[in-house]
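Student: Okay, so the sequence shown: first residue is 1 according to full-length UniProt numbering, each after it adds one. Note that beta-carbon positions come from the ideal geometry of N, C-alpha and C, so glycine has one too.
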Amino acid sequence: RDAVTDDAAMFFKQQEERGVAVRGLYDVAGLRADADFMIWTHAERVEALQATYADFRRTTILGRACAPVWSSVGLHRPAEFNKSHIPAFLAGEEPGAYICVYPFVRSHEWYLLPDDERRR
1 RDAVTDDAAM FFKQQEERGV AVRGLYDVAG LRADADFMIW THAERVEALQ ATYADFRRTT
61 ILGRACAPVW SSVGLHRPAE FNKSHIPAFL AGEEPGAYIC VYPFVRSHEW YLLPDDERRR
């Protein structure tokens with residue numbers, strides 16, 4: 001077990017040279033029927049994330065032993081009405097023990113609201 005942990009930790013540390021940061025490795029065992037852990041990485045270039053993913057699966061003990069069940073990519077854009085709203089990972093805050101991921105989809109009706117109501 002230590003060999004697996006050390007191998008993964010060394011791999012993730014090496015990804016910093018590629019511009020990829022590992023925000024967290026989260027235990028999702030018992031929260032999803034099809035997964036035991038989730039890795040959150042971020043970078044300025046999606047190509048760097050793809051290369052990290054491919055190398056993780058190909059070169060690490062853990063990557064070769066696991067079967068991916070879900071993958072997603074996101075993009076941060078400044079909020080239209082509240083420029084000071086910045087995600088914790090971009091604001092330099094330490095990662096928490098848990099993560100909450102939710103899609104933010106605006107309806108057509110939202111765009112018809114007055115600016116003051118959109119800011120709420």
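Cβ of Val22 within 8 angstroms of Cβ of Phe12?
Tutor: Here residue 22 is taken as the residue at index 22 of the sequence shown, counted from 1. Here residue 12 is taken as the residue at index 12 of the sequence shown, counted from 1. Yes, these two residues count as a Cβ contact at 8 angstroms.
Student: If we require 4 or more residues per run, which alpha helix (DSSP H) segments fall completely within the stretch 40-72?
Tutor: 46-59 and 61-65
Student: Express the C-alpha separation of Asp36 and Gly30 in angstroms, rounding to a whole number.
Tutor: By 1-based counting over the sequence shown, the position of residue 30 is 30. By 1-based counting over the sequence shown, the position of residue 36 is 36. Looking at the backbone, the Cα of Gly30 and that of Asp36 are separated by about 7 angstroms.
Student: Should Phe56 go down as buried or exposed, given a rule of 16 or more other Cβ atoms within 10 Å for buried?
Tutor: For this step, residue 56 is matched to residue 56 along the sequence shown. The residue is buried, with at least 16 neighbouring Cβ atoms inside 10 Å.
Student: From this set, Glu80, Cys100 and Ser84, which residue's C-alpha is nearest Glu117's C-alpha?
Tutor: By 1-based counting over the sequence shown, the position of residue 117 is 117. The residue with the shortest Cα to Cα distance from Glu117 is Glu80.
Student: Grab me the residues of Ser71's own chain with a C-beta within less than 8 angstroms of its C-beta, minus the 5 sequence neighbours each way, in chain order.
Tutor: The residue given as residue 71 occupies position 71 in the sequence shown. Hits under 8 angstroms: Tyr53.
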